[in-house]
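Participant: Please read through the structure below; I'll follow up with questions.
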Amino acid sequence: MSQPNQAGLELMLPPGPVPTAPVPFAPELARGLLRDMLRIRRLEEKAAELYGAGQIRGFLHLYIGEEAVAAGAMLALQPEDTVVATYREHGQALLRGVSMRAIMAEMFGKQEGCSRGRGGSMHLFDAKARFFGGNAIVAGGLPLAVGLALADRMQGIRRVTACFFGDGAVAEGAFHESMNLAALWQLPVLFCCENNLYAMGTSLPRAQSQTDLCTKAAGYRIAARAVDGMDVVATYQAALEAADTVRAAQQPFFLEFQTYRFRAHSMFDPDLYRDKAEVEHWKEHGPIHTYTARLKTQGRLAEEQFLALDAEVGREVDDAVAFADAGHWEAVSDLLRDVHTPADGGAS
Amino acid sequence: MSHTSYREALREAMRDALRRDPRVFLMGEDVGRYGGSYAVSKGLQAEFGPERIRDTPLSELAFVGAGIGAALGGLRPIVEVMTVNFSLLALDQIVNTAATWRHMSGGQCSVPLVIRMTTGAGRQLAAQHSHSLEGWYAHIPGIRVLAPATLEDARGMLWPALQDPDPVILFEHGQLYNVEGELAEDVAVDIHSARVRRSGNDVTLIAYGGLLGKALDAAEQLAKEGIDAEVIDLRVLRPLDDATLLASLQKTHRVVMVDEGWKSGSLAAEVVARLTEQAFYEFDAPPVRVCSAEVPIPYARHLEEAALPQVATIAAAVRTVCGT
Chain A
1 MSQPNQAGLE LMLPPGPVPT APVPFAPELA RGLLRDMLRI RRLEEKAAEL YGAGQIRGFL
61 HLYIGEEAVA AGAMLALQPE DTVVATYREH GQALLRGVSM RAIMAEMFGK QEGCSRGRGG
121 SMHLFDAKAR FFGGNAIVAG GLPLAVGLAL ADRMQGIRRV TACFFGDGAV AEGAFHESMN
181 LAALWQLPVL FCCENNLYAM GTSLPRAQSQ TDLCTKAAGY RIAARAVDGM DVVATYQAAL
241 EAADTVRAAQ QPFFLEFQTY RFRAHSMFDP DLYRDKAEVE HWKEHGPIHT YTARLKTQGR
301 LAEEQFLALD AEVGREVDDA VAFADAGHWE AVSDLLRDVH TPADGGAS
Chain B
1 MSHTSYREAL REAMRDALRR DPRVFLMGED VGRYGGSYAV SKGLQAEFGP ERIRDTPLSE
61 LAFVGAGIGA ALGGLRPIVE VMTVNFSLLA LDQIVNTAAT WRHMSGGQCS VPLVIRMTTG
121 AGRQLAAQHS HSLEGWYAHI PGIRVLAPAT LEDARGMLWP ALQDPDPVIL FEHGQLYNVE
181 GELAEDVAVD IHSARVRRSG NDVTLIAYGG LLGKALDAAE QLAKEGIDAE VIDLRVLRPL
241 DDATLLASLQ KTHRVVMVDE GWKSGSLAAE VVARLTEQAF YEFDAPPVRV CSAEVPIPYA
301 RHLEEAALPQ VATIAAAVRT VCGT
């Protein structure tokens, strides 16, 4: 997987070949996955553009390159399931049903945003969709997921709590404490490790003595599986199987998505810690173009159809931007709201 | 009225809550089979079972975070952390998650969690089991901080804390567990006001938690000298009940604040600053703070005693403020 290069940086290459196998899904599902990935991609490309224009500020962490993970994993969940995500969560939020309008408005800091402009890009929430953030503390969501699953267990509710986190989280104590608790108490948590090989600028081999992350799960007697996170066919199939296992057996499962982010860690990141050749290798595995190519090879997607789909997504993005732009700045007199729940129970 | 102890009052409060609300459960290190490191939960596991009196591994960060998750998931967890020193291992979840979640979610996700923990010195437990960090927690918007100092509050504060839709931290001073006395059968207290525990006219003596008793003892001693001190039990460390403090200042015109935390950046500093900001011209003498010496709490008994506010040092501070 690794080979030294002239600059002394080790190239970390995709674990397998570019996927070319026929897409085994029915037309609606096959097309839906493509649409899901495109929606994330176009939303984020627009967000990056608007960041450059100064309309979005703060930290903005793009998911570009990793779309197959969210597309596969989110589709594998049921509406009653729970999702706990990270600060790189635009994709999960969008596919969980948070509207592109509400996400864009949140990035703009408008009160029409899904967190009323109090969270921004890193803290997207939708309690109705059981989407519990948007957490910018690395590994901070894992204990939360354990507790949400514990609440389900104690109330006799059968559902899956899907908890997303990156390879960086594996170095945190919260990861290990939470994995242990989930296994000890046999809680239905689907641990979704998005291994994009970099914790900000620190590569996995520079952070972990054991880079095979599934072995960490084995240490807690949690069933684990690694999957090609660049292949949406693989991510969906693996996530569906894993979620079904968690749901049926009511015990945790660790799913490692081997993926890669094409953009820098955040908009502040000069991206000096990795070789451009490495990025190029991974781009050959880009989840959208490889998937599109497979569908085309199968004769299941014509270029015009792709362009039509892309245009439809583009219109959704434009509409979201217009919505965010037309949104309102919350009155400064409301500054202190939502620090505590108001006496009426918080119907705010 | 019945005879009870602070420990038993806390236990009765939990028993009552566990009976009244099926969503309530207790989770923490050795709360179950062992009976609680300070025996507060003794007997509860036998009564309510291991699901609701849930022993955890030594994973403060994860089980406090799991308490937050369980609260979001519809339960009403009581999480016990063995001491405030150990709570630092869970500080991230308390400050970055519990306190922020409602706000960051734009009001969508309240966290109805109660965290109980032991605080304070006086038992020769040295510097990793004795600190008073209540003031740190009282710094954080989004959480309510309580310090039951009486049997009544030990019995009564838990239920309203569990009714609070937001996180509440309850600090139990380690030296109070064995305090005994008479307690009424029906206890109903609030969790938003300070309380005058001894009415007086000459000086306002503000204390909370483990030092309320010493402040009251000092007041009795001073009464014999002709100084009539009003003793206020702060009870709620966040949000502070400024009105009760200001009313007393307007009566006595003198203030001494007793705080087991260190003086630098202390809760005492906050209280005195608020009074000074709001009622500077009410003061007939500069306010005085009696706090712990700026040293990690030492093991040796004589040094530990020297580090902590004592009845004599409190009384001496009052005399200074009163100019006697």
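Just so you know, the protein sequences line up as chains A and B, in that order.
Using full-length UniProt numbering, you'd call the opening residue of the first sequence number 1 and step up by one each time.
Using full-length UniProt numbering, you'd call the opening residue of the second sequence number 1 and step up by one each time.
Ideal placement from N, C-alpha and C gives every residue a C-beta, glycine not left out.
1) Please name the residues in the region 153-180 of chain A whose beta-carbon is closer than 7 Å to at least one beta-carbon of chain B, in chain order.
2) Round the Cβ separation of Arg41 (chain A) and Ile288 (chain A) to the nearest angstrom and send it over; I've been treating them as touching at under 8 Å.
3) So the alpha helix (DSSP H) Leu303 (chain B) belongs to, where does it begin and stop?
4) Would you please verify whether the beta carbon of Phe257 (chain A) is less than 8 Å from any beta carbon of chain B?
5) Run through DSSP, which three-state label would Thr276 (chain B) get?
6) Specify, as a first and last residue, the run of the beta strand (DSSP E) that Val196 (chain B) falls within.
7) Quick check: the region 238-248 of chain A against the region 156-175 of chain A, are at least 3 beta-carbon pairs closer than 8 Å?
8) Spell out the partners DSSP gives Cys114 (chain A) in its beta bridges.
9) By the 10 Å Cβ neighbour count, where 16 or more other Cβ atoms means buried, how is residue 337 (chain B) classified, buried or exposed?
10) Measure the alpha-carbon distance for Ala307 (chain B) versus Gly58 (chain A) and round it to whole angstroms.
11) Could you compute how far the alpha carbon of Gly299 (chain A) sits from the alpha carbon of Ile78 (chain B)?
12) Could you work out which residue in B:Pro165, B:Ile53, B:Asp228 is closest to Gly73 (chain B) when comparing CA atoms only?
13) Leaving aside the five residues before and after Ala320 (chain A) along the sequence, list all residues of the same chain whose C-beta is less than 6 Å from its C-beta, in chain order.
14) Shorter than 8 Å from the beta carbon of Thr86 (chain A) to some beta carbon of chain B?
15) Using alpha carbons as the reference points, say which of B:Ile68, B:Ala315, B:Phe48, B:Gly226 lies closest to Val146 (chain A).
16) Considering only residues of the same chain and omitting the five flanking positions on each side of Ala139 (chain A), which have a CB-CB separation below 7 Å?
17) Relative to the alpha-carbon of Thr204 (chain B), which residue among B:Arg11, B:Leu146, B:Val255, B:Phe48 has its alpha-carbon at the smallest distance?
18) Can you give the Cα-Cα distance for Gln250 (chain B) and Phe25 (chain B), rounded to whole angstroms?
19) Would you list, in chain order, the members of the region 149-176 of chain B that have their beta-carbon closer than 9 Å to a beta-carbon of chain A?
20) Compute the Euclidean distance between the alpha carbons of Val313 (chain A) and Ala70 (chain B), then round it to the nearest angstrom.
21) Can you tell me which of the three DSSP states Gln140 (chain B) falls into?
22) Could one say the Cβ of Ala127 (chain A) lies closer than 8 Å to chain B's Cβ atoms, at least one of them?
23) Anyone know if the C-beta pair for Glu134 (chain B) and Ala126 (chain B) falls short of 8 Å?
24) Could you tell me whether the Cβ atoms of Pro167 (chain B) and Val111 (chain B) are closer together than 8 Å?
25) Taking 8 Å as the CB-CB limit, is Glu230 (chain B) close to chain A?
26) Assess, as a yes-or-no matter, whether the region 67-75 of chain A is touched by the region 24-38 of chain A under the definition of 3 or more beta carbon pairs within less than 8 Å.
27) Where does His3 (chain B) fall in DSSP's three states?
28) Give the range of the beta strand (DSSP E) segment to which Asn135 (chain A) is assigned.
29) Sorted by chain position, which residues of the same chain lie with C-beta nearer than 7 Å to Glu12 (chain B)'s C-beta, five sequence neighbours on each side aside?
30) What separation, rounded to the nearest whole angstrom, lies between the Cα atoms of Gln92 (chain A) and Leu197 (chain A)?
31) Out of curiosity, what's the CA-to-CA distance linking Ala9 (chain B) and Pro160 (chain B)?
Facilitator: Considering the structure as presented:
1) Met154, Gln155, Gly173, Ala174, Glu177, Ser178, Asn180
2) 6 Å
3) 301-307
4) no
5) helix
6) 195-198
7) yes
8) Answer by DSSP bridge pairing: none, since Cys114 (chain A) is not bridged.
9) Look at the range of chain B in this structure, 1 to 324, and you will see that residue 337 (chain B) is not part of it.
10) 45 Å
11) 59 Å
12) B:Pro165
13) Met100, Arg101, Met104
14) no
15) B:Ile68
16) Phe165, Ala169, Glu172, Ala174, Phe175
17) B:Val255
18) 44 Å
19) Asp164, Pro165, Asp166
20) 37 Å
21) Residue 140 (chain B) is actually Ile in this sequence, not Gln. Note: Ile140 (chain B) maps to coil in three-state DSSP.
22) yes
23) no
24) yes
25) no
26) yes
27) strand
28) 131-135
29) Arg155
30) 19 Å
31) 15 Å
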